[in-house]
Structures are given as structure tokens and as C-alpha cells.
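Just so you know, we're using our numbering here: the sequence shown kicks off at -11 and counts up by one.
Idealized CB from N, CA, C, for every residue including glycine.
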Amino acid sequence: TLNGHLDSVECVKWGGEGLLYTASRDRTIKAWCVEGHDPKDVGKLVRTYKGHGHRVNFLALSSDYVIRTGPFDHKCLKFKSDEEAYEAAVEKYKTFKAGEPERMVSGSDDFTLFLWHPKEGKQPLKRLTGHQQAVNHIAFSPDGRYFASASFDKKTKIWNGRSGDFISTLTGHVGAVYQVAWSSDSRFLVTASKDSTAKLWEMPSGKRCKETLPGHADEVFALDWSPNGSSVSTGSKDRTIKIWKH
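Written out as C-alpha cells, the structure reads:
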């Protein structure tokens, strides 16, 4: 059991560098050691990241997609053993990183996002402003070049995944945007909203909505794009799940 937060924990993320990241209503993010040469180190608090003025709702890591998919990709390779699959996953992670540090973005009820190099230090690299209400979801593109943030202000914003520079705002939803999900090739983004629709956008410009996915009778709370890129799934307050073919 990991103790240290002073209020409820809102988000938990496994990183690719042997750390577990947690975000809390206590306005902090913490990094915990989950892999180490010494078993006594496992579960230890490594560092605390401060900066947000309100509860931290969500964390996204540049490596989320490569960690989620492991050694598997569109080529459908088969591995002779778990060890071989593990080696392939490690190699894929190293290729993805290409000598760059893992990046983390946090979103908060203070309307801002922070960009961090969590393994390097506890100071944020950049504070990102522009949303006019709470930020509730963030997702890095699978290639790590961009990230998207969803907010109760009905907008989704696209940012440069390395520098944190603002790129564009996606406008079209008439209710809060709850979640975002990227296609596996990082060319498209889908957004889920309180307005009972999901929308598909071409990235990174996102100047206009490419498709609206109607059909739900109530708010669309949940969203995911399959790792192989073929389907999008949405879950709604209307108690149904819809699967859309890309």
C-alpha cells in the first residue's frame, strides 16, 4: 500500500521507467518506485510534483500507447516465448524514446495543464493556459508528437507533444468534452461529449469536424480507439456501448 496523498487519488499511470505516477485532489502528483534492483525500494515515494492550484484530474504520458501495445503492432507478429515478446517490447520502447526523456502532462480543475519531464526533476517545463473551465482528460498521440486536452469549456485543444506549444482548438461540441482518443497512426482524434455525440477530427489542424457520430440518447462519458486502429467504442449515460468502424 502506497501512502502519502492527503486527499482522494484521481488518476494512476504506469510509466516506462520503473515509476508509477499518481494524481490527487490534494493538488499534487507523486512518483513511486515500482521496479528496482533492491526490493526494499519498491513502493518508495521518489518525488512529489507541485504547481497546480486545484485538484489534479488526469495524467498522460508520452509513452502510454507504446506501453499499452507492448511488442504487438499491425504486422501481427507471433513470439515463441514470453521472454522474446518482452525483449521485443523493450526494443520498441527504446526506439520510440530515441534518446528523449519520457514526458508527462497533468490537467487540473485550475483550468491549466503542466508539462513535465518526470524522471528528470520535479519542476514543470511549462504551464499551459487557454481552457476556461476544468481540464478532465488528456491523451498523447501514439507517435508522441502531439497531445490533446478535453475540458468542460466544450473545447478540445491540441498541443505540441515536445515543447507544449499550443497548436489549435477544436470547436463544435455544444456540451462539455469528457474524453479524447487518438487513432493508432496519430492522424485522427475522436472526442466524446455531454452533447450526446462523438466527433472525428483530422490531426493536427483539426480546423473542422470530419464526422459526427450520432446515435446515443444521452451524454457520452467513455471512449476508446482500438490499438489496431480499426474501431472506436463509445459508452454513454443511455446505458449503451456503440462500436464504430474506421
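Bridge partners of Val(-3) according to DSSP: Ser12. Taking every protein chain shown into account, the CB of Leu33 has fewer than 16 other CB atoms within 10 angstroms, so this residue is exposed. As the crow flies, the alpha-carbon of Gly(-8) is around 10 Å from that of Thr16. Secondary structure in the stretch 54 to 136: the alpha helix (DSSP H) runs of 4 residues or longer, each lying completely within the stretch, are 70 to 85 in chain order. In the DSSP assignment, Phe46 is bridged to Gly95.
Going by beta carbons, Gly163 and Ser181 fall inside the 8 Å limit. In this structure, the straight-line span from the alpha carbon of Cys(-1) to that of Asp26 is close to 27 Å. His42 places its beta carbon less than 8 Å from that of Asp97. Around the CB of Ser193, fewer than 16 other CB atoms lie within 10 Å, so the residue is classed as exposed.
Val78 places its beta carbon 8 Å or farther from that of Ala48. In the three-state scheme derived from DSSP, where H, G and I count as helix and E and B as strand, Asp206 is classed as coil. Residues of the same chain with a CB within less than 6 Å of the CB of Asp226, apart from the 5 flanking positions on each side, are His204, Ala205 and Asp206 in chain order. Shown here, Lys230 sits in a strand according to DSSP, grouped into three states.
Counted as a single uninterrupted DSSP element, the beta strand (DSSP E) harbouring Lys198 occupies residues Cys197 to Leu201.
The continuous stretches of beta strand (DSSP E) do not include Val30, and DSSP gives it neither H nor E. Here Asp52 carries a helix assignment [DSSP, helix/strand/coil]. Comparing alpha-carbon positions, the option among Thr100, Gly95 and Glu88 lying closest to Lys107 turns out to be Glu88. Between Thr222 and Glu199, the alpha-carbon positions lie close to 15 Å from each other. Within its own chain, the residues whose Cβ lies closer than 8 Å to the Cβ of Gly6, once the five positions on either side in sequence are excluded, are Cys21, Val22, Glu23 and Gly24, listed in chain order. For Tyr166 against Ala122, the beta-carbon gap comes to about 11 Å, at or over 8 Å, which does not count as contact. The beta carbon of Thr36 is closer than 6 Å to those of Thr16 and Lys18 in its chain, skipping five residues each way along the sequence. Contact between Phe154 and Gly109 fails: their C-beta atoms lie close to 23 Å from each other, not under 8 Å. Nearest Cα to Pro202 within the set Lys195, Arg196, Gly217 and Ser184: Ser184. Shown here, Asp212 sits in a strand according to DSSP, grouped into three states. With fewer than 16 other beta carbons inside 10 angstroms of its own, Ile231 counts as exposed.
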